[in-house]
Each structure stands twice: as structure tokens, then as C-alpha cells.
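Engineer: For what it's worth, my numbering labels the leading residue of the sequence shown as 976, then goes sequentially.
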Amino acid sequence: MTADKDRSTTTTTAKPSSGGATNPTGGVARTSWKLASPADGTDPTLDFAPEGIVSGSTGCNRFNGTWTEDGDSLKIALGPMTQMACTSDAATQQEKSIIDSLGKVASAEQTATTLVLKDSDGKELLTYDAVTGDLQGTSWKVNGVNTGNAVETSALTEALTLDFGTEGSVTGFGGCNNFRGSYTLEGGVISFSEFASTEMSCEPDVMELEDKYLAALAAASVVERSGNTLNLRDDKGATQVAATLAG
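Here's what the structure looks like:
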């Protein structure tokens, strides 16, 4: 059979933006940034999701927390962080500087391309560049799916795909069925519509992974793209889907 059915939960039909970091309504909500001058071999990021959720990377570890904004005033309160060892002394010093500085942030100076975080005396603490997360016309091969307990990588996940078309369309292969839907992307914050899919029947483990893949896409809210790699994370910073550029 090839009849369509709904298999996901998050709804939206608007077209995606160009993916720039500036929030058209002002402020840091729905923006994504990368450290302007990172240590070699690192890619520190900072993502402001709606409802006061902040997440990012020091170049060694992932962190999350909360943010509040009132005019030019910006406060960041960090929460849990992973505990991986850094690969160099420079990366270790960078991580310490980022964590210490984020705790001192009192204001932000934001343009379309840069974000400068300052302390209560107006001293510059950190400078970030805008992340352009445009995904239109890209195709991805999935290599990891959050199955509820961990990000799973297997021969089954290697069959999964994700393709971003024009005008907000998205399609893919879940391991058994093809699916389609729409998405919006604003400043690194992504939202998928409900998906319609074919109704083929496959082995139980394949069907289980397919359901978890679609659920992971529905849970994703933050896009983190670095060259040929793509991570879709939830609002707490946990990876939901990891992929590499196809072709």
C-alpha cells in the first residue's frame, strides 16, 4: 500500500527563513552563534532557543541552561555540562574562559553578523559570529538517532535519509517508509510539521527504529551544522539526529 498517514506531532506550515542569526523581532531568541576566534580544532557554539533555553558547546563539552533578556540586558545561567576531556591545553583554557565569561554576562550587542557579550562594566567578554543554517536543497545520510536512552548508530540507521527541498518541504526515508512534510528554520531554530508516510510493513526492529527516527525529528529544535555534518538537538541540547552530507 502507498496511502499516506500522519506519524509525528509538531505542526507548522510557514516557509523557512534564510537561516541567518538575527531574530527579526529583535533580541537573541531563535539565534545561533559560533565563537569568532576558536582554538584550533574546536567549534564552540551558542544557541538561544525560545522560552529562555540556552545551549551550546565549549569546543570540548556540551552545556545547557537558561537565559533572560530585558532590552540590552542579558543574563545567562548555566546548568548541566558534559565532562569530556579537552584535546589540547588551548582547548582547556578556552573552555574555562567560556564558562567563566557566560556566568558574567550582563548585556549583549547584537548585529546581523556578530554577538558581543559584555559584563556589568561594559567590558567585552566573548564575541560570536552568526551561524547561517540554511538547509534548502541539501540531502543528508543519517548516522545516529536518539532512541530514548542514547544516540544509536547501526547498519539500520545508515539506511535513513533526510532531504530539505525548496519552499519549506522536507522528505526522507525512515528505513521502511518514505515520509514527507514541511519545516521552518529561523536563526538556527528548526520545527518540523507532522509527517505523512507510506504504509509499508517491515521487520519489527526496522519499524521500531523508524518510529524513533520520526519522534527524534519531532523533538528537534536546534540546528547545528558544521561543514558536511549536521546535528539536530532538542531544547536541552541533546542530539536527536546526527547526519552527514550525502553525495
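Ideal Cβ positions, reconstructed from N, Cα and C, are used throughout, including at glycine.
1) Looking at the secondary structure, which residues open and close the beta strand (DSSP E) in which residue 1214 lies?
2) Do the region 1078-1098 and the region 1042-1049 meet, that is, are 3 or more Cβ pairs less than 8 Å apart?
3) In whole angstroms, what is the alpha-carbon distance linking residue 1158 and residue 1016?
4) Taking the alpha-carbon positions, what's the residue 1118 to residue 1005 distance?
5) Under 8 Å, with one C-beta from each stretch per pair, do the region 1017-1031 and the region 1166-1176 reach the 3-pair mark?
6) Please say whether residue 1038 and residue 1059 have beta carbons closer to each other than 8 Å?
7) Just mark residue 1218 as buried or exposed, buried being the case when its beta carbon has 16 or more other beta carbons within 10 Å.
8) Taking residue 1192 as the reference, give the member of 1077, 1096 and 1122 with the closest Cα.
9) Which same chain residues end up closer than 6 Å to residue 1094 when comparing Cβ atoms and leaving out the 5 residues on each side of it in sequence?
10) If you draw a straight line from the C-alpha of residue 1136 to the C-alpha of residue 1205, how long is it?
11) With respect to the alpha helix (DSSP H) encompassing residue 1181, which residues constitute its N-terminal and C-terminal limits?
12) Give me, in chain order, the residues of the same chain whose beta-carbon lies closer than 6 Å to that of residue 997; leave out the 5 immediate sequence neighbours on both sides.
13) Would you kindly work out how many angstroms separate the C-alpha atoms of residue 1085 and residue 1030, rounded to a whole number?
14) Answer with buried or exposed for residue 1143, where buried requires no fewer than 16 other C-beta atoms within 10 angstroms of its C-beta.
15) Run through the DSSP bridge pairs and tell me what residue 1138 is partnered with.
16) Could you please give the first and the last residue of the uninterrupted alpha helix (DSSP H) stretch that includes residue 1068?
Structural biologist: Taking the geometry as given:
1) 1214-1220
2) yes
3) 32 Å
4) 26 Å
5) no
6) no
7) buried
8) 1122
9) 1079, 1081 and 1100
10) 12 Å
11) 1179-1194
12) Low per-residue confidence applies at residue 997: pLDDT is 42, beneath 50, and the placement is therefore not dependable, though the value from the model is reported in the following sentence. So the list reads 1087, once near-sequence residues are dropped.
13) 18 Å
14) buried
15) 1114 and 1146
16) 1064-1077
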